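Peer 1: Residue numbers (numbering that gives the first Met the number 0), protein chains in the order written: chain L, 0 to 280; chain R, 0 to 280.
2 protein chains.
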Amino acid sequence: MTGRSRLSLNTATTKGWTLREAVDGAARAGLPAVGLWRDRVAEVGVPAAAKLVRDAGVRVSSLCRGGFLTATDPHEVRAALADNRAAIAEAAALGTDVLVVVVGGLPAGDRDLAGARARVADRIADLAPVAREHGVRLALEALHPMYAADRAVLSTVEQALDLARPHPPDVVAVVVDTFHVFWDPRLAASIARAGSEGRIAAYQVCDFLLPIAPDPLLSRGMMGDGVIDFAALTRLVAATGYAGDVEVEIFNADVWATPGDEVLATMTARYRDHVLPHLDG
Amino acid sequence: MTGRSRLSLNTATTKGWTLREAVDGAARAGLPAVGLWRDRVAEVGVPAAAKLVRDAGVRVSSLCRGGFLTATDPHEVRAALADNRAAIAEAAALGTDVLVVVVGGLPAGDRDLAGARARVADRIADLAPVAREHGVRLALEALHPMYAADRAVLSTVEQALDLARPHPPDVVAVVVDTFHVFWDPRLAASIARAGSEGRIAAYQVCDFLLPIAPDPLLSRGMMGDGVIDFAALTRLVAATGYAGDVEVEIFNADVWATPGDEVLATMTARYRDHVLPHLDG
Chain L
0 MTGRSRLSLN
10 TATTKGWTLR
20 EAVDGAARAG
30 LPAVGLWRDR
40 VAEVGVPAAA
50 KLVRDAGVRV
60 SSLCRGGFLT
70 ATDPHEVRAA
80 LADNRAAIAE
90 AAALGTDVLV
100 VVVGGLPAGD
110 RDLAGARARV
120 ADRIADLAPV
130 AREHGVRLAL
140 EALHPMYAAD
150 RAVLSTVEQA
160 LDLARPHPPD
170 VVAVVVDTFH
180 VFWDPRLAAS
190 IARAGSEGRI
200 AAYQVCDFLL
210 PIAPDPLLSR
220 GMMGDGVIDF
230 AALTRLVAAT
240 GYAGDVEVEI
250 FNADVWATPG
260 DEVLATMTAR
270 YRDHVLPHLD
280 G
Chain R
0 MTGRSRLSLN
10 TATTKGWTLR
20 EAVDGAARAG
30 LPAVGLWRDR
40 VAEVGVPAAA
50 KLVRDAGVRV
60 SSLCRGGFLT
70 ATDPHEVRAA
80 LADNRAAIAE
90 AAALGTDVLV
100 VVVGGLPAGD
110 RDLAGARARV
120 ADRIADLAPV
130 AREHGVRLAL
140 EALHPMYAAD
150 RAVLSTVEQA
160 LDLARPHPPD
170 VVAVVVDTFH
180 VFWDPRLAAS
190 IARAGSEGRI
200 AAYQVCDFLL
210 PIAPDPLLSR
220 GMMGDGVIDF
230 AALTRLVAAT
240 GYAGDVEVEI
250 FNADVWATPG
260 DEVLATMTAR
270 YRDHVLPHLD
280 G
C-alpha cells in the first residue's frame with residue numbers, strides 16, 4: 000500500500016505540462032488519478048484525452064470546470080448553458096462523474112449579489128436534467144469570499160448546499176476546497192451537513208499562503224506552506240465517510256516554475272505528512 | 000438640513016492629516032463627527048485630543064481600535080489586556096462609547112482557528128467588566144475572510160454576535176463595515192439579528208475595489224468605485240432602526256495621495272449619492 004490510492008494531480012498544478020505529460024507524470028509518480036481542466040483536454044480533443052488517460056491506467060477524478068452562470072443577457076445565458084451542456088458531456092466521455100462548477104461573479108456594472116445567486120439557482124435547475132442524463136454530478140464549488148464579486152457569488156459550503164437542495168445528491172453536489180473554505184466559522188457544521196446529505200463530490204487540497212499574492216488567484220500553495228490546519232479539515236471530511244479522491248490543485252507561480260516531477264514528489268510528500276494521516280477518520 | 004448629520008470622517012481616510020488637521024477639516028466640511036485612530040490621538044495625548052475635538056464642535060463616533068486578543072503566551076496576553084484597558088479608558092475620555100475591536104489573527108506558526116476564537120471569547124469576558132465600568136461598548140468587527148489568518152479570526156457578523164451573546168448589548172456589540180461583510184450570504188439575517196439584539200454599535204462604509212490591491216488592506220475605495228451595493232446594505236442597517244453615525248474609513252494609496260479637503264468633498268458627495276438616500280429605512 001503506497002498511501003497514494005486516493006491522491007489525484009489536478010492539471011492546474013503542473014501548468015507547464017501538456018495533458019499527456021501530466022497524465023504520464025501522475026502515472027510515473029504512482030498516482031491513481033488526475034483532475035483535468037477542459038483547456039488541457041481540448042489540446043487533443045475529448046476522445047483522444049479519454050484514451051490517453053485510459054491507456055495510462057489512471058482515472059479522472061474531476062473535470063474543471065463548468066459554471067459562469069450569472070449572466071443576465073439572454074444570449075450570454077444561452078451560451079453559458081450550451082457550454083455547460085458540453086462540459087457535462089465531456090465529463091461523461093472522460094469517465095468522471097464530477098464536473099466542478101464555479102458559478103461566476105457579478106456581470107459588469109452589476110452589484111446585486113442576491114440577484115446573481117438567484118440566476119445561478121435557475122441555471123442549475125436548467126442543467127440538472129442534463130447532468131442526470133449523463134450520470135454526472137454538478138459539483139458546486141464555494142470560492143473564497145475575496146472572489147465573491149468577480150468569480151463566484153457562492154462563498155460557503157452551506158450556501159452551496161442550499162443551492163443543491165432542490166436536486167438529488169447524485170445530480171448536484173459540492174466541492175470542499177481547503178483554500179476556499181478554511182476560514183469559515185460554520186465549516187464543521189456545513190461539512191457534516193454535506194456528508195449527511197451525501198453531497199461531497201470532491202475534496203481538493205492546497206494551502207492558503209500569506210501574504211496574499213499580488214494576483215490573489217496565485218496565493219495557493221503546497222500543503223504545509225501556509226496557514227491551513229489540514230489535520231482538522233481532513234478529519235471533518237473523513238468523518239462524513241467521504242471515500243473519494245483528494246485532488247491537489249495549486250495555482251502558484253513558483254510551483255509552475257518548478258519541474259513537474261519535482262512538484263509531484265513534493266505534493267506526494269506533503270500529502271503523506273499533512274493529509275493522509277487524517278483521511279481515515 | 001445638510002444631509003450630513005450622521006456622516007463621520009475616520010482619520011484613516013485622511014492619512015496625511017494630523018489629528019488637528021483632520022478634526023478641523025471635518026468641521027470645515029460640515030461633518031458632525033470624526034472616528035479616531037489611537038496613533039493619531041497619541042500625537043497630542045488624550046486630554047489634548049479630547050479638548051481639540053470639543054473645541055471644534057464635533058463628536059467622536061468611535062475609537063479605533065482595541066483587540067489583538069489571540070495570543071497564547073501569558074506575557075502577550077497580559078500586554079494585550081493592558082493595552083485594551085487603556086483603549087477603553089481613552090475612548091471614555093474622548094467622549095465616545097464605541098471602541099472598535101479587531102480581534103487578531105493566528106499567532107505565528109499556529110493554525111488552530113477554533114482555539115484562537117475561544118481565546119478571543121475569554122479575553123472579551125476579561126474586558127467586558129472594564130468596558131461596562133467606563134460606559135464603553137466593545138464593538139467587535141468582523142473582517143473580510145481574506146484576513147482570517149493574520150488579522151481577525153472573526154469573519155462574519157453572525158460570528159461576532161455569537162461572541163457578543165454572553166454580554167449585555169451596551170457592553171459588547173458589533174461593527175458593520177461594508178467592505179468586510181458585503182459578500183456574506185447570511186448578511187441580511189445577521190444584520191436583522193444584530194438590530195433585534197440592539198448590538199449595532201457602528202456602521203462603516205467604503206467600497207470593495209477590484210482587482211484587489213497588491214496590498215489587500217488598501218483595496219478599500221470611495222463608495223461607488225467598487226462592487227458594493229450600498230443601497231441594499233444601507234437599507235438592511237436602516238431597517239434595524241440604527242440611528243448612529245456613518246463612518247467613512249478608507250485605506251487607499253490614491254485617496255491618501257489626494258488633498259484632504261478634496262477627499263472630504265468626494266466622500267460627502269458619494270455619501271449623499273450612495274448611502275444617505277437609503278438611511279431612513
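Note that CB positions come from ideal geometry on N, CA and C, so glycine has one too.
Model, not experiment: these values are computed from the prediction.
1) From the beta carbon of R:Asp-228, is the nearest beta carbon of chain L less than 8 Å away?
2) What residues from chain L crowd round R:Leu-209, counting only those whose CB sits closer than 8 Å?
3) For L:Ala-23, report the span of its alpha helix (DSSP H) as first-last.
4) Evaluate R:Arg-164 with the Cβ neighbour count: other Cβ atoms within 10 Å of its Cβ, from every protein chain shown; 16 or more gives buried, anything less gives exposed.
5) Candidates L:Ala-117, L:Val-76, L:Leu-6 and L:Tyr-146: which alpha carbon is nearest R:Pro-210's?
6) For L:Glu-157, which option in R:Arg-185, R:Ser-7, R:Gln-158 and R:Ser-154 has the closest C-alpha, if you only look at C-alpha atoms?
7) Is DSSP giving L:Tyr-146 helix, strand or coil here?
8) So R:Val-101 is in the beta strand (DSSP E); what residue range does that whole segment cover?
9) Might you give, ordered along the chain, the residues of its own chain that have their beta carbon closer than 6 Å to the beta carbon of L:Ala-90, omitting 5 neighbours on each side?
10) Around the C-beta of R:Met-0, are 16 or more other C-beta atoms found within 10 angstroms, so that it is buried, or is it exposed?
11) Does any residue of chain L have a CB that is nearer than 8 Å to the CB of R:Arg-234?
12) For L:Asn-105, which residues in chain R fall below 9 Å Cβ to Cβ?
13) By Cβ distance below 6 Å, which residues in the same chain neighbour R:His-143 in space, the five residues on each side in sequence not counted?
14) Since R:Trp-36 is in the beta strand (DSSP E), which residue starts that stretch and which ends it?
15) Could you please give the first and the last residue of the uninterrupted alpha helix (DSSP H) stretch that includes R:Arg-116?
16) Just to confirm my understanding: we take L:Phe-229, look at its own chain, exclude 5 residues before and 5 after, and list those with CB closer than 6 Å. What are they?
17) Among the candidates R:His-133, R:Val-102 and R:Val-226, whose CA atom is the shortest distance from the CA of R:Trp-292?
18) Do three or more CB pairs link the region 64-82 of chain R to the region 114-125 of chain R at distances below 8 Å?
19) Would you tell me roughly how many angstroms separate the C-alpha atoms of R:Ala-172 and L:Ala-191, rounded to the nearest one?
20) Anything in the region 148-173 of chain R with a Cβ closer than 9 Å to a Cβ of chain L? List those residues in chain order, please.
21) Under 8 Å, Cβ to Cβ, is there at least one residue of chain L near R:His-143?
22) Take the Cβ of L:Glu-140 as the centre, count every other Cβ of all protein chains shown within 10 Å, and call the residue buried at 16 or more, exposed below.
23) Would you kindly work out how many angstroms separate the C-alpha atoms of R:Thr-108 and L:Asp-224, rounded to a whole number?
24) Would you call the region 2-22 of chain R in contact with the region 32-49 of chain R, where contact means no fewer than 3 C-beta pairs closer than 8 Å?
25) Taking 8 Å as the CB-CB cut-off, is R:Arg-122 touching chain L?
26) Would you kindly check if the distance between the Cβ of R:Leu-30 and the Cβ of R:Val-43 is under 8 Å?
27) Which chain L residues sit within Cβ distance under 8 Å of R:Asp-111?
28) Between which two residues does the beta strand (DSSP E) holding L:Ser-7 run?
29) Could you say which of R:Arg-269, R:Gly-103 and R:Val-129 lies nearest to R:Ala-81 if we only look at CA atoms?
30) Could you tell me which whole alpha helix (DSSP H) segments of length 4 or greater appear in the region 197-264 of chain L?
31) Just checking: is the beta-carbon of L:Pro-276 within a distance shorter than 8 Å of some beta-carbon in chain R?
32) Count the C-beta pairs between the region 242-254 of chain L and the region 20-29 of chain R that are closer than 8 Å, then say yes if the count reaches three, no if not.
33) Among L:Thr-265, L:Ala-151, L:Glu-246 and L:Pro-276, which residue has its Cα nearest to the Cα of L:Arg-58?
34) Can you name the residues of chain L whose CB is closer than 9 Å to the CB of R:Trp-16?
35) Count the other C-beta atoms from every protein chain shown that fall within 10 angstroms of the C-beta of L:Ala-79, then say buried if there are 16 or more, exposed otherwise.
36) From the DSSP output, in three-state form, read off R:Ser-154 for me.
Peer 2: Let's see:
1) Yes, contact with chain L.
2) Ala-148 and Asp-149, listed in chain order.
3) According to the sequence as given, residue 23 of chain L is Asp; it is not Ala. Start and end: 18-27.
4) With fewer than 16 other Cβ atoms inside 10 Å of its own Cβ, R:Arg-164 counts as exposed.
5) L:Tyr-146
6) Relative to the Cα of L:Glu-157, the nearest Cα in the group R:Arg-185, R:Ser-7, R:Gln-158 and R:Ser-154 belongs to R:Arg-185.
7) Reduced to three states, the DSSP call for L:Tyr-146 is helix.
8) 97-101
9) Leu-62, Leu-98 and Val-135
10) Confidence is the limiting factor: at R:Met-0 the pLDDT is only 43, short of 50, which leaves the residue's position unreliable, though a coordinate-based value still follows. When all chains shown are included, R:Met-0 counts as exposed.
11) no
12) Looking at the sequence provided, one finds Leu at residue 105 of chain L rather than Asn. Neighbours of L:Leu-105 on chain R, chain order: Val-226.
13) His-179
14) Judged by DSSP secondary structure, R:Trp-36 falls within the beta strand (DSSP E) whose first and last residues are 32-36.
15) Counting along the chain, the alpha helix (DSSP H) containing R:Arg-116 begins and ends at 112-133.
16) Short of 6 Å from the beta carbon of L:Phe-229, and not among the five residues preceding or following it, lie these beta carbons of its own chain, in chain order: Met-222, His-273 and Val-274.
17) Residue 292 of chain R lies beyond the range of chain R shown here (0 to 280); nothing can be said about it.
18) Judged by Cβ distances under 8 Å, the region 64-82 of chain R makes contact with the region 114-125 of chain R, as three or more pairs qualify.
19) 30 Å
20) Ala-148, Asp-149, Val-152, Leu-153, Ser-154, Thr-155, Glu-157, Gln-158 and Asp-161
21) yes
22) buried
23) This sequence places Gly at residue 108 of chain R; Thr is not what is there. R:Gly-108 and L:Asp-224: Cα-Cα distance of roughly 10 Å.
24) Yes: at least three Cβ pairs fall under 8 Å.
25) no
26) Cβ distance not < 8 Å, so R:Val-43 and R:Leu-30 don't count as in contact.
27) Taking a Cβ-Cβ threshold of 8 Å, the residues of chain L close to R:Asp-111 are Asp-228 and Ala-231, in chain order.
28) 6-9
29) R:Val-129
30) 229-238 and 252-255
31) no
32) Touching, no, given that fewer than three Cβ pairs across the two stretches are closer than 8 Å.
33) Out of L:Thr-265, L:Ala-151, L:Glu-246 and L:Pro-276, L:Glu-246 has the C-alpha closest to the C-alpha of L:Arg-58.
34) Those within 9 Å of R:Trp-16 in chain L number zero; the least Cβ separation is about 28 Å.
35) buried
36) coil
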